[in-house]
Amino acid sequence: MRKLTNKKIRWIIRQLNKKTPIKEIAAVMRVTERRIYQLQKEFRETDRIPELKQPGRKAKPITKETEEIILKAYRKSKLSPVTLEKIIEKEYDIHIPHNTIYKVMLKHGLVKENMNKKRQRKWVRYEREHS
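The numbering of the sequence shown is my numbering, which starts it at 6 and goes up by one.
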């Protein structure tokens with residue numbers, strides 16, 4: 006079973022319009038016939054090519070109060086997001102994840118992005134040189 010993209014879905018719909026057998030389309034795309042039927046049904050009902058939804062959880066908006074608490078705590082102690090997380094939890098009895106704190110600090114220019122942490126690291130298996 007392969008993942009479909011919007012481009013592949015458009016191709017499937019074109020093939021269905023050309024009356025290509027569903028078994029053949031499913032074999033080429035490496036998906037089940039059932040999935041092709043689902044796409045066909047959705048296309049017939051809406052008259053629009055089906056689009057894939059964005060994967061993952063929707064981003065939770067940061068409230069003004071949270072932002073103010075973070076900025077107040079930063080001005081007071083001038084520490085990193087991880088340390089601020091603990092301080093805010095002690096002083097304000099509110100848990101704010103350090104990722105949220107980092108986003109707010111980045112938005113206000115209090116921290117700068119570390120590009121070395123941005124890229125995906127190459128996976129290297131740990132092996133000893135000598136036993």
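Glycine residues also receive a C-beta, built at the ideal position from the N, C-alpha and C atoms.
Since we're looking at a predicted model, the values are computed, not measured.
Selection from Thr51, Leu21, Lys83 that minimises the alpha carbon distance to Glu38: Position 33 of the sequence shown holds residue 38. Measuring from the Cα of Glu38, the nearest candidate turns out to be Leu21.
Helix, strand or coil: how does DSSP classify Leu111 here? Counted from its first residue, the sequence shown places residue 111 at position 106. Helix at Leu111.
Should Val1 go down as buried or exposed, given a rule of 16 or more other Cβ atoms within 10 Å for buried? Nothing about residue 1 can be read from this structure; the chain reaches only from 6 to 136.
How big is the Cα-Cα spacing for Glu70 and Lys112? Here the question's residue 70 lines up with position 65 in the sequence shown. Here the question's residue 112 lines up with position 107 in the sequence shown. C-alpha separation (whole angstroms): 15 Å.
Helix, strand or coil: which one does DSSP assign to Lys127? Position 122 of the sequence shown, counting from 1, holds the residue named residue 127. Coil.
Neighbourhood of His103 by C-beta, 6 Å cutoff - its chain only, sequence neighbours within 5 removed: Residue 103 sits at position 98 when you count from the first residue of the sequence shown. Contacts found: Pro86, Val87, Glu90.
Take the Cβ of Ala78 as the centre, count every other Cβ of all protein chains shown within 10 Å, and call the residue buried at 16 or more, exposed below. Translated into positions along the sequence shown, residue 78 becomes position 73. It counts as buried.
Evaluate Tyr42 with the Cβ neighbour count: other Cβ atoms within 10 Å of its Cβ, from every protein chain shown; 16 or more gives buried, anything less gives exposed. As a position in the sequence shown, residue 42 is number 37, starting the count at 1. Classification for Tyr42: exposed.
Excluding the 5 residues preceding and the 5 following Asn11 in the sequence, name in chain order all residues of the same chain whose CB lies nearer than 7 Å to its CB. Position 6 of the sequence shown, counted from the start, is the residue given in the question as residue 11. Closer than 7 Å at the Cβ level, and outside the excluded window around Asn11, lie Glu56, Leu57.
Buried or exposed: where does Leu84 fall if 16 or more other Cβ atoms within 10 Å of its Cβ makes it buried? Position 79 of the sequence shown, counted from the first residue, corresponds to residue 84. So Leu84 counts as exposed.
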